[in-house]
Amino acid sequence: MAISLKRGLLDNTDILAAIGIVGIVVMMVVPLPASLLDILITLNISGSVLTLMLAVFAKDPLEFSALPSLLLMMTLFRLSLNVSTTRLVLLDGFAGQVIQQFAQFVIRGNMVVGFIVFAILVIVQFIVITKGAERVSEVAARFTLDAMPGKQMSIDADLNAGMINEQQARDRRKAIQQEADFYGAMDGSTKFIKGDAIAAIIILFVNIVGGFISGVAMQGMPLLEALQKYTMLTIGDGLVSQIPALLISTATGLVVTRASSDRNLGEDLSKQLFRNPKALFITGGVLTLLAFLGLPKLPMLTVAVGLVGAGVILQKSSKVSVVEETAAARESEIEESKKPENVLNLLHIDHMELELGYALIALVDVQQGGDLLDRIVLIRRQIASELGFIVPVIRVRDNMNLQPNQYVIKLRGAEVATGEILADHYMAMSNGFDDDSIPGTPTKEPAFGLDAKWINAMYREQAELSGWMVVDAPTVLATHITEVIKMQAWEILNRQDVKTLIDHAKEQAPAVVDELIPEILSLGQVQKVLANLLRERVSIRDMVSILETLADQAQVTKDLDRLTEHVRQALARQILQPLVGKDKTLPVITLDPQIEQLILDSIQPSDYGTYLALDPKMLQIIVQNLSQEVEKVVLKGFSPVIVCAPLVRINLKRVTERQLPQLLVLSYNELVQGVQVQAIGMVGMDRAS
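Under our numbering, think of the first position of the sequence shown as 278, with each following residue one higher.
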């Protein structure tokens with residue numbers, strides 16, 4: 278019974294909150310009996326104490342993120358109580374036992390003392406605590422917003438360096454956003470407390486004047502009796518209202534001035550105030566000196582002895598703790614040395630690594646102006662946008678075994694690219710002719726192999742005016758990383774990456790995913806098709822279209838090469854878009870029909886797809902003739918694109934990708950309607966014979 282009631286309340290907290298807010302508003306309109314008002318005033322006091330305790334025990338401001346909304350509700354609740362008590366005081370001359378007993382207990386029926394105590398409470402709350410909390414909230418909100426970009430960049434850098442994973446990065450970004458929202462809300466909610474203090478002063482005078490007039494004019498009370506009665510009731514009401522308000526404003530000040538910590542406020546204060554015994558000794562000595570200078574000896578010496586005694590105890594305990602920690606550390610080292618070495622961590626291999634020589638460390642050091650980590654984050658976003666897959670975290674580390682200016686790009690622990698850059702120089706890439714007037718160190722641009730020079734910063738403007746393309750060292754390295762990722766994307770993509778992409782696609786098209794995997798194709802087979810696409814730099818961003826095509830065609834064939842060709846046909850417009858000019862013309866190189874037939878006859882099936890069983894000499898001649906034709910096309914200013922039969926396409930691409938990696942090979946089925954094909958060359962059979 279109790280458990281079900283608890284569960285019912287927890288499941289309907291939103292309804293309870295709505296009922297509570299509506300009830301607070303109703304209190305302003307509907308007269309309440311004094312007995313019910315006593316209960317509500319008690320709830321106000323207990324709620325204020327509870328809020329203060331939560332603020333004291335909070336280790337982080339975000340642990341009490343509901344405080345801004347709670348401040349509004351508590352302020353509205355107090356004002357509703359003020360309206361209700363004012364109504365009872367003016368109508369009945371009585372506002373319940375709590376207010377009457379509070380006035381008797383706190384001020385002992387003395388109006389002057391009551392006025393003074395009430396004024397002090399209002400001044401402390403309005404001028405000291407509320408004003409300070411308001412200022413702290415303003416500054417905290419401003420600095421939190423100003424620090425957001427830097428924190429976001431720090432998270433991206435940690436993610437890129439492999440220190441955190443994607444989920445941890447999302448959690449940290451969410452925490453940053455929550456922190457900004459919290460301090461922004463606190464900046465405004467402190468105005469509620471300030472307004473409450475002002476309202477309390479106005480309500481005090483309204484109640485006294487209104488009660489005096491009501492008692493004299495309507496109830497025929499003597500002047501002094503009316504003034505005494507209504508003043509006491511009003512002061513009691515004000516104290517009952519302002520003491521909880523003071524607790525709430527104190528809780529607000531504690532939360533907004535609280536720095537994030539692993540301990541609560543009491544633990545932090547005890548750790549920091551009593552950390553140094555010398556401070557306690559000096560404080561005790563000062564109190565002892567004051568006692569002998571004429572101040573009361575009993576309180577001064579009592580506190581002084583207490584401080585000195587606490588200092589002695591702390592000094593002894595700190596020495597004991599140091600000895601215990603040292604002994605524990607030695608025991609831990611001995612126990613650790615006895616355990617068998619855990620070599621599992623040595624088996625871990627990062628997907629991608631970037632190793633830097635010591636002269637290039639400044640490129641990743643933010644304090645030295647390095648922004649390479651930020652560039653890597655942008656590279657991952659660029660690849661995701663262009664190729665449609667998520668690049669794994671690239672771990673960046675230094676390697677003292679490299680040359681000072683050398684860097685190495687690794688894929689699963691194996692080197693795939695390397696180069697050398699001068700961190701404090703600029704790379705000027707040739708404009709087609711040598712210009713000896715610009716001094717520099719000759720080199721090759723690492724990503725594309727272009728002729729270039731490393732030039733000093735003082736010659737940058739001169740080189741740009743001479744028509745050279747000038748870029749800084751981080752840009753050279755970032756470009757090389759980008760090209761390596763694009764070239765090796767098909768090797769980088771693994772089953773887990775494909776699972777992530779398919780889960781994302783399932784949010785848009787759950788039906789096709791449920792139909793295809795695993796009933797028709799396995800996750801590994803889909804991964805092989807996607808790798809075939811990435812191998813030729815075909816974007817897999819349109820995952821839904823790819824899965825739709827596979828679901829249709831895999832009913833007919835399970836041959837992964839054929840499935841890849843079907844997917845390419847579905848993505849034909851996407852493939853052709855960067856190749857076709859404004860006039861919708863596509864310049865292409867064609868193959869002699871006899872060569873196509875020769876290749877078709879040489880295609881042999883296997884368990885892993887198809888391969889070309891062609892005479893090596895004949896294959897070499899075809900590739901050489903093709904290379905010559907490509908050179909002619911490039912000299913004419915065209916990009917080399919070959920069009921051939923669908924079954925020929927994938928095998929021709931595989932035998933030419935080593936010598937001609939940039940060569941694009943299309944099939945006739947990929948030439949969509951509206952594109953005009955212009956034949957600008959042909960590889961003839963007579964040249965290959």
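Note that beta-carbon positions come from the ideal geometry of N, C-alpha and C, so glycine has one too.
| Buried versus exposed call for Met577 [16 or more other C-beta atoms within 10 Å across all chains shown] | buried
| field | Coarse secondary structure for Gln680, derived from DSSP in three states | value | coil
| Run through DSSP, which three-state label would Leu856 get? | coil
| Is the beta carbon of Leu353 less than 9 Å from the beta carbon of Val306? | no
| task | Let me know if His625 comes out buried or exposed under the rule of 16 or more other beta-carbons within 10 Å of its beta-carbon. | result | exposed
| query | For chain B, is any of its Cβ atoms less than 9 Å away from the one on Ile322? | reply | The question asks about chain B, but that chain is absent: this structure has only one protein chain.
| query | Expressed to the nearest angstrom, what Euclidean distance is found between the alpha-carbon atoms of Leu282 and Gln377? | reply | Here Leu282 scores only 48 on pLDDT, less than 50, and its place in the model is too uncertain to base an answer on.
| field | Neighbour-count burial assignment, Ala740, 16 or more Cβ in a 10 Å radius | value | buried
| Under three-state DSSP, which class holds Gly696? | strand
| query | Among residues of its own chain, excluding the 5 on either side of Pro719, which ones have a beta-carbon nearer than 7 Å to its beta-carbon? | reply | Lys730
| At what residues does the alpha helix (DSSP H) containing Lys930 begin and finish? | Pro923 to Thr933
| Residues bridged to Ser594 [DSSP beta-bridge criterion] | None; Ser594 has no bridge partner.
| said: Nearest by alpha-carbon distance to Asn771: which of Gln804, Ala556, Glu873 and Val900 is it? | reply: Gln804
| request: Please name the residue, chosen from Asp713, Ala705 and Asp749, that lies closest to Asp728 on a Cα-to-Cα basis. | output: Ala705
| Apart from the five residues on each side of it in sequence, which residues of its chain come closer than 6 Å, Cβ to Cβ, to Met746? | Met706
| Are there 16 or more other CB atoms within 10 angstroms of the CB of Met735, so buried, or fewer, so exposed? | exposed
| message | Could you tell me the alpha carbon to alpha carbon distance between Leu286 and Thr529, rounded to whole angstroms? | response | For Leu286, the predicted model reports a pLDDT of 49, less than 50, meaning its position is unreliable and no value from the coordinates is stated.
| query | Can you give, in chain order, each stretch of the alpha helix (DSSP H) that sits fully within the segment 391-416 and has at least 4 residues? | reply | none
| said: Can you tell me whether Arg935 is buried or exposed? The criterion is at least 16 other CB atoms within 10 Å of its CB, across all chains shown. | reply: exposed
| field | Nearest-angstrom Cα separation, counted from Ala474 out to Thr362 | value | 17 Å
| Opening and closing residue of the beta strand (DSSP E) in which Trp731 lies | Asp728 to Ile732
| said: Taking 9 Å as the threshold (C-beta atoms), are Val833 and Ala782 in contact? | reply: no
| task | Return the chain-ordered ranges of every alpha helix (DSSP H) run that is complete within the segment 546-581 and spans a minimum of 4 residues. | result | 554-569
| task | Identify whether Met704 lies in helix, strand or coil by the three-state DSSP scheme. | result | strand
| request: Classify Leu640 as buried or exposed, calling it buried when 16 or more other Cβ atoms lie within 10 Å of its own Cβ. | output: buried
| field | Outcome for Met278 when other beta-carbon atoms lying within 10 angstroms are tallied against a minimum of 16 | value | For Met278, the predicted model reports a pLDDT of 49, less than 50, meaning its position is unreliable; a value from the coordinates is still stated below. Per the 10 Å Cβ criterion, exposed.
| request: Could you check the C-alpha separation between Val952 and Asp774 for me, to the nearest Å? | output: 35 Å
| Considering only residues of the same chain and omitting the five flanking positions on each side of Arg964, which have a CB-CB separation below 7 Å? | The pLDDT assigned to Arg964 is 48, lower than 50, so where the model puts this residue is not dependable, and the model offers no usable value.
| query | Between Gln802, Tyr888, Ile927 and Arg447, which lies nearest to Arg812 when the distance is taken from Cα to Cα? | reply | Ile927
| said: Mapping the DSSP letters down to three states, classify Arg672 as helix, strand or coil. | reply: strand
| said: Less than 9 Å between the beta carbons of Leu824 and Leu948, yes or no? | reply: no
| So Pro719 is in the alpha helix (DSSP H); what residue range does that whole segment cover? | Not the alpha helix (DSSP H): Pro719 falls in the beta strand (DSSP E), residues Thr718 to Lys721.
| query | Under three-state DSSP, which class holds Lys835? | reply | coil
| Simplified DSSP assignment, three categories, for Ala880 | Contrary to the premise, residue 880 reads as Ile rather than Ala in this sequence. Reduced to three states, the DSSP call for Ile880 is strand.
| Nearest-angstrom Cα distance between Leu891 and Gln659? | 40 Å
| request: Could you pull out every residue in the same chain whose Cβ sits closer than 7 Å to the Cβ of Ile261, ignoring the five residues on either side in sequence? | output: Residue coverage of the chain in this structure runs from 278 to 966, which leaves residue 261 outside it and unanswerable.
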